[in-house]
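Student: For the sequence shown, the working numbering gives the first residue as 1, with consecutive numbering after it. All residues carry an ideal CB built from backbone N, CA and C; glycine is no exception. The structure that follows is given in the form of structure tokens.
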Amino acid sequence: MKRLALLLLLGTAPAAEAETVHFTTENYPPYNFRENGEYRGLGYEQVVALMKDTGVDYTIEMMPWARAIALAESEPLHCVFTTAHIAERNSRFKWVEPLAIDRNVMVAREGAGIKAITIAEAREYVVGTQRNDYTQQLLERNGFPKIDLATDLDLTLKKLLSGRVDMMPISERYYLQLREEGHRLEKRFVLAEQKFSIACNLNFPEDIIRKMQAGLDKLIADGTQKALLTKYGMQVLN
Numbered sequence: 001m002k003r004l005a006l007l008l009l010l011g012t013a014p015a016a017e018a019e020t021v022h023f024t025t026e027n028y029p030p031y032n033f034r035e036n037g038e039y040r041g042l043g044y045e046q047v048v049a050l051m052k053d054t055g056v057d058y059t060i061e062m063m064p065w066a067r068a069i070a071l072a073e074s075e076p077l078h079c080v081f082t083t084a085h086i087a088e089r090n091s092r093f094k095w096v097e098p099l100a101i102d103r104n105v106m107v108a109r110e111g112a113g114i115k116a117i118t119i120a121e122a123r124e125y126v127v128g129t130q131r132n133d134y135t136q137q138l139l140e141r142n143g144f145p146k147i148d149l150a151t152d153l154d155l156t157l158k159k160l161l162s163g164r165v166d167m168m169p170i171s172e173r174y175y176l177q178l179r180e181e182g183h184r185l186e187k188r189f190v191l192a193e194q195k196f197s198i199a200c201n202l203n204f205p206e207d208i209i210r211k212m213q214a215g216l217d218k219l220i221a222d223g224t225q226k227a228l229l230t231k232y233g234m235q236v237l238n
């Protein structure tokens, strides 16, 4: 049976000395997503570009977030992107960064009558997010008592739009994209700002980490990252 997830095997390392890096990711536009059977996104394109100069084989597979980050934490030669680098995760991974800087905003369904404009006011509502996503940790850290957990972002969004949850935290850039696509959402307040990165297993080889970071540094220095921000309509956030 044909696998539902796309699996890419790329690279140029000789078979005799091949070390295959396994990247996992989730569907989270505009950072990583599938369109017409192909992977796209700001995070995805940067990973492909920075790996070209490493001489290392790699795979990229899209899956639910909880599984994606669990594999990177438990399996050697595994990395996950696009991963928020937050304090709770700092010592659990080796990091290659930044793929992007973004803000996380709390959003509600337009017309739902949600008036919360602070964290304290938002605690009264049912808030949806994805299991093992950094936003789950954000909500727990800020004392939200009614957290509804889903397997992925699409399901959380469906719950919000159908009224099964009152609010959800989401990337501000993705919120803007959803608004442009006609989704009736409204921003209530900024929850947090975060750095998005590649998170690799703690036993990941240091020499490959250095090559990956050097590749990303090059993308930033030569303007490639900025061009990709423009390509994916990622405006400067005010």
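Helix, strand or coil for Y39? Go by DSSP, reduced to three states.
Tutor: strand
Student: Leaving aside the five residues before and after A15 along the sequence, list all residues of the same chain whose C-beta is less than 6 Å from its C-beta, in chain order.
Tutor: With a pLDDT of only 36 at A15, under the threshold of 50, the placement of this residue in the model should not be trusted; the figure read from the coordinates follows. If we look at A15 and ignore the five residues flanking it on each side, it has no Cβ neighbours.
Student: Quick one: what does DSSP say D207 is sitting in, helix, strand or coil?
Tutor: helix
Student: To the nearest angstrom, how far is it from the Cα of F270 to the Cα of V80?
Tutor: Since the first residue of the chain shown is 1 and the last is 238, residue 270 is not available in this structure.
Student: Report the rounded CA-to-CA distance for V127 versus E172, giving the unit in angstroms.
Tutor: Roughly 17 Å between the two C-alpha positions.
Student: Hey, quick one: how far does the beta strand (DSSP E) through D148 stretch, first residue to last?
Tutor: Taken as a continuous stretch (DSSP letters only), the beta strand (DSSP E) holding D148 covers I147 to A150.
Student: If you draw a straight line from the alpha carbon of K158 to that of P169, how long is it in whole angstroms?
Tutor: 13 Å
Student: Nearest CA to the CA of E26: which residue from T20, D133 and P98?
Tutor: Closest option to E26, judged by alpha-carbon separation, among T20, D133 and P98: D133.
Student: Give the secondary structure of M234 by DSSP, where H, G and I count as helix, E and B as strand, and everything else as coil.
Tutor: coil
Student: Based on the DSSP output, what are the partners of G128 in its beta bridges?
Tutor: DSSP output for G128 lists D148 as bridge partner(s).
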